[in-house]
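Counting from 283, one number per residue, gives the positions in the sequence shown under our numbering.
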Amino acid sequence: MMTKLEKILCIFVDCMKRIVGVALVWLMLASCGNEVAGELSALYSAVPSRSVALMHFASCEDALSLLLDSTSVFRKLDYGRLSGAEMVLSYDYSAGLIPLLILDAGRPSADTSAAVRKLLEQADAHKLFCLYSAEMLPRRSALLLSPSKALIAEAGEHILSGTSILDAEGFREAVTLADGSKGSIILRNGSAVRLIPRNMLKDYFPRKDLVRFFSGVSEWTVLNFSSYSREGISVAFSEPGSGRYLSRMFSGLEQGDCSAATAVPDSSEFVLGLCLADPKAYLQAWEECLDVRAGLSRYKGRLASLRKSSGKAPSAWWAEKAPKEVVRAIWDGNEVLLLRPGKKPKASGLAENPYPGFVPALLGDAFRIADDSSCASAGGWIAFGSPEALSAWLEAPKGAAMPGRKAKFYFVNPEFSIIADSKNTVLNVN
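1. Starting from the C-beta of PRO696, find all residues in its chain whose C-beta is less than 8 Å away, skip the five residues before and the five after it, and write them out in chain order.
2. Which residues share a DSSP beta bridge with TYR326?
3. Looking at the unbroken beta strand (DSSP E) that takes in GLU617, where does it start and where does it end?
4. Assuming the contact rule is C-beta atoms closer than 8 Å, VAL609 and GLY555 should be a hit. Round their C-beta distance to whole Å, please.
5. DSSP three-state call for TYR581: helix, strand or coil?
6. Does the beta-carbon of GLU403, which I'm using as the reference point, lie nearer than 7 Å to any heavy atom of the ligand SAH?
7. Can you give me the Cβ contacts of PRO638 inside the same chain, cut-off strictly under 6 Å, excluding the 5 residues immediately before and after it?
8. According to DSSP, is PRO547 helix, strand or coil?
9. Report the rounded CA-to-CA distance for ILE441 versus ARG332, giving the unit in angstroms.
10. Please state if the CB of LEU709 and the CB of ILE515 are separated by a distance shorter than 8 Å.
11. Is LYS464 near ALA340, with beta carbons less than 8 Å apart?
12. Does chain B have any CB closer than 8 Å to the CB of PRO685?
13. If you reduce the DSSP assignment to three classes, tell me which class HIS338 lands in.
14. Take CYS657 and list the residues in its own chain whose beta-carbon comes closer than 7 Å to its own, dropping the five residues that flank it on each side.
15. With DSSP collapsed to three states, give me the class of ILE700.
16. Taking the straight line between their C-alpha atoms, what separation do you get for LEU492 and LYS705?
17. What do you get for ASN481, buried or exposed, if any count of 16 or more other CB atoms within 10 angstroms of its CB means buried?
18. Tell me the start and end of each unbroken beta strand (DSSP E) in the stretch 645 to 671 that is at least 3 residues and wholly inside, in chain order.
19. What's the C-alpha gap between ALA576 and GLY498?
20. Excluding the 5 residues flanking LEU676 on each side, which residues of the same chain have their C-beta closer than 7 Å to its C-beta?
21. Is the Cβ-Cβ distance between ALA324 and CYS342 less than 8 Å?
22. Can you round the beta-carbon distance between LEU585 and SER597 to whole angstroms, since I take them to be within the 8 Å contact cut?
23. Compare the beta carbon distance of PRO547 and TRP613 with 8 Å and say whether it is the shorter of the two.
24. Which residue from GLY452, LEU644 and GLU513 puts its Cα closest to that of GLY472?
25. Which one or two residues does DSSP pair with VAL608 in a beta bridge?
26. Does DSSP classify PRO561 as helix, strand or coil?
27. Apart from the five residues on each side of it in sequence, which residues of its chain come closer than 6 Å, Cβ to Cβ, to ASP539?
28. Work out the CA separation of LYS606 and LEU349 for me, nearest whole Å.
29. Looking at the structure shown, is PRO596 part of a helix, part of a strand, or coil, going by DSSP?
30. Within its chain, find whatever has a CB closer than 6 Å to the CB of GLU536; leave out the 5 residues flanking it on each side and keep chain order.
31. Would you tell me roughly how many angstroms separate the C-alpha atoms of TYR373 and LEU477, rounded to the nearest one?
32. Please classify THR353 as buried or exposed, where buried requires at least 16 neighbouring CB atoms within 10 angstroms.
33. On a Cα-Cα basis, can you pick out the residue from HIS338, PRO679, LYS409 and LYS358 that is closest to ALA543?
34. Compute the Euclidean distance between the alpha carbons of ASP386 and LEU425, then round it to the nearest angstrom.
35. May I ask you to report which of helix, strand or coil DSSP gives CYS571?
36. For ASP360, which of PRO330, LYS400 and ASP703 has the nearest alpha-carbon?
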């Protein structure tokens with residue numbers, strides 16, 4: 283069973299893959315606490331430069347309850363006077379993710395010393411290694427705890443040498459996006475292979491695709507929390523100076539209308555949607571992104587192959603349909619692709635799909651299904667899938683809960699949802 287922390291990390295990577303896996307997208311911590319949001323916390327000076335994830339929150343005890351499962355050793359400590367202290371929980375990688383908890387112990391005083399001493403005694407009982415400094419950080423004392431002796435030593439060396447995560451490429455730019463009033467999480471996208479759990483989304487996407495996707499979304503991903511809740515988490519992307527990132531691509535696109543509730547079966551367990559205000563502009567932006575990523579030749583080769591086999595260019599088909607929304611939905615063992623054309627199609631029964639493979643070739647493998655050999659139309663939508671899946675779709679009650687009327691992209695399942703519109707990208711964990 284995943285811990286809460288793992289779920290939050292997975293959810294974001296997960297959604298990003300689905301939403302942007304559309305060949306595409308996107309798509310989901312830190313300066314707050316005892317300082318003004320947006321300012322650099324002194325605690326960052328104790329975080330090793332190679333850390334792959336950082337969680338910076340205003341209140342230690344509240345944050346640990348949000349982020350960690352009750353079995354975590356950090357949840358078993360009595361923090362006493364430091365329960366409301368500013369904290370950073372960072373993760374390094376060495377054969378696995380290793381945590382480092384850094385607490386702001388305030389200005390050195392007799393009371394602080396007593397609180398720290400109590401924690402040190404508990405830490406020893408729980409086989410945690412510690413480092414306490416009244417002088418190492420600017421104007422503050424800090425307490426560091428970790429199950430790894432080597433990580434504590436490394437953190438101490440970084441403090442003494444004056445190096446830290448603040449020296450990591452792009453981190454200072456990412457911190458400017460960390461404006462959660464309660465806290466933020468910052469993820470290093472280039473370390474996706476270390477952050478993404480082995481079995482995540484294994485029923486939908488190969489692990490290598492998830493890693494490639496998350497690595498290409500942005501340089502750093504920032505999750506901002508306005509409360510100690512898993513709802514309303516704001517997502518931002520740090521993508522300095524490069525057009526190769528998917529988040530940069532989507533930032534230049536307009537939001538479109540979201541009408542999927544009229545077409546998606548109400549028992550759906552997986553819904554990935556792309557709303558297109560301008561279908562032509564979307565494809566142009568995607569091709570420009572692929573060009574920077576050296577993937578345009580392969581993309582065009584795939585389209586050329588489909589043109590040869592079907593007798594029609596996928597780009598011409600796309601222009602004719604002028605899609606306003608494309609959705610991949612999975613329910614009760616069925617999966618379909620749903621397309622809402624610019625011109626409402628007439629209702630029609632099952633028929634052979636003359637252009638199989640066009641949607642994933644144009645939008646990416648996140649919209650690839652096992653069988654799109656057939657098609658049918660109903661309610662202003664064209665559906666692609668196997669004959670069995672389409673029969674189930676035509677008969678299924680519709681009305682799945684969708685997030686909002688306007689969006690750029692969205693993902694919904696029973697455990698979480700994510701939606702990006704023209705102003706925000708928001709993650710909700712149920």
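Note that CB positions come from ideal geometry on N, CA and C, so glycine has one too.
The answer reads as follows:
1. Along the sequence shown, one-based indexing puts residue 696 at 414. So the list reads GLU551 and ASN712, once near-sequence residues are dropped.
2. Against the sequence shown, residue 326 aligns to sequence position 44. The partner list for TYR326 (beta bridge, DSSP) is empty, contrary to what the question assumes.
3. If you number the sequence shown from 1, residue 617 lands on position 335. Element bounds for GLU617: 616 to 622.
4. Against the sequence shown, residue 609 aligns to sequence position 327. Against the sequence shown, residue 555 aligns to sequence position 273. Yes, they are in contact, since the Cβ atoms of VAL609 and GLY555 sit about 4 Å apart, within 8 Å.
5. Position 299 of the sequence shown holds residue 581. Residue state, collapsed to three classes: helix.
6. Inclusion of the ligand SAH in the displayed structure is not the case, the ligand content being empty and no account of it being possible.
7. Walking along the sequence shown from the start, residue 638 turns up at place 356. Around PRO638: ASP654 and SER655.
8. Residue mapping note: residue 547 aligns to position 265 of the sequence shown, counting from 1. PRO547: strand per DSSP, three-state reduction.
9. Position 159 of the sequence shown holds residue 441. Position 50 of the sequence shown holds residue 332. One C-alpha to the other measures close to 14 Å.
10. The residue labelled residue 515 in the question sits at position 233 within the sequence shown. The residue labelled residue 709 in the question sits at position 427 within the sequence shown. Yes, Cβ-Cβ distance for ILE515 and LEU709 is below 8 Å.
11. Here residue 464 is taken as the residue at index 182 of the sequence shown, counted from 1. Here residue 340 is taken as the residue at index 58 of the sequence shown, counted from 1. It is a contact, given that the beta carbons lie within the stated cut-off.
12. Given the protein chain composition of this structure (a single chain), no chain B is represented.
13. Sequence index remark: in the sequence shown, residue 338 carries index 56 (1-based). The answer is strand: DSSP assigns HIS338 an E or B state.
14. As a first step, residue 657 is located in the sequence shown; it is residue number 375 there, counting from the start. If we look at CYS657 and ignore the five residues flanking it on each side, its Cβ neighbours are ALA633, ASN635, ILE664, ALA665 and PHE666.
15. Locating residue 700 in the sequence shown gives position 418, where the first residue counts as 1. Correct three-state label for ILE700: strand.
16. Sequence index remark: in the sequence shown, residue 492 carries index 210 (1-based). Sequence index remark: in the sequence shown, residue 705 carries index 423 (1-based). Each residue's Cα considered, the two are about 26 Å apart.
17. Numbered from its first residue, the sequence shown carries residue 481 at position 199. Classification of ASN481: exposed, given that the 10 Å Cβ count is below 16.
18. Taken in chain order, the complete beta strand (DSSP E) segments of 3 or more residues contained in the stretch 645 to 671 are 656 to 660 and 663 to 667.
19. By 1-based counting over the sequence shown, the position of residue 576 is 294. By 1-based counting over the sequence shown, the position of residue 498 is 216. Using only the alpha carbons, I get a separation of about 12 Å.
20. Residue 676 sits at position 394 when you count from the first residue of the sequence shown. Only residues of its own chain outside the window of five on either side were considered, and among them ALA658 and ALA660 have a CB closer than 7 Å to the CB of LEU676, listed in chain order.
21. Here residue 324 corresponds to residue number 42 of the sequence shown, with the count starting at 1. Here residue 342 corresponds to residue number 60 of the sequence shown, with the count starting at 1. No, these two residues do not count as a Cβ contact at 8 Å.
22. On the sequence shown, residue 585 is found 303 positions in, with the first residue counted as 1. On the sequence shown, residue 597 is found 315 positions in, with the first residue counted as 1. 7 Å between Cβ atoms; contact.
23. For the purposes of this step, residue 547 is taken as the residue at position 265 of the sequence shown. For the purposes of this step, residue 613 is taken as the residue at position 331 of the sequence shown. Result yes, Cβ atoms of PRO547 and TRP613 sit closer than 8 Å.
24. In the sequence shown, the residue the question calls residue 472 occupies position 190. Residue GLY452 holds the alpha-carbon nearest to the alpha-carbon of GLY472 among GLY452, LEU644 and GLU513.
25. Counting from 1 along the sequence shown, the entry for residue 608 is found at position 326. DSSP lists LEU556 and LEU621 as partners of VAL608.
26. Here residue 561 refers to the residue found at position 279 when the sequence shown is read from its first residue. PRO561 falls in the helix class under three-state DSSP.
27. On the sequence shown, residue 539 is found 257 positions in, with the first residue counted as 1. Excluding sequence neighbours, ASP539 sits near nothing in its chain.
28. Taking the first residue of the sequence shown as 1, we reach residue 349 at position 67. Taking the first residue of the sequence shown as 1, we reach residue 606 at position 324. Roughly 38 Å between the two C-alpha positions.
29. For the purposes of this step, residue 596 is identified with residue 314 of the sequence shown, where counting begins at 1. Of the three classes helix, strand and coil, the one that applies to PRO596 here is helix, per DSSP.
30. The residue given as residue 536 occupies position 254 in the sequence shown. The answer, listed in chain order, is ALA559.
31. Working through the sequence shown from its first residue, we reach residue 373 at position 91. Working through the sequence shown from its first residue, we reach residue 477 at position 195. Taking the straight line joining both Cα atoms gives about 9 Å.
32. Stepping through the sequence shown from its first residue, residue 353 is reached at position 71. It is exposed - the Cβ of THR353 has fewer than 16 other Cβ atoms within 10 Å.
33. On the sequence shown, position 261 is the one that residue 543 refers to. Closest option to ALA543, Cα to Cα, is PRO679.
34. Locating residue 386 in the sequence shown gives position 104, counting from the first residue. Locating residue 425 in the sequence shown gives position 143, counting from the first residue. In a straight line, the C-alpha of ASP386 is about 7 Å away from that of LEU425.
35. Translated into positions along the sequence shown, residue 571 becomes position 289. In the three-state reduction of the DSSP assignment, CYS571 falls in the helix class.
36. Indexing the sequence shown from 1 puts residue 360 at position 78. Answer by Cα proximity: LYS400.
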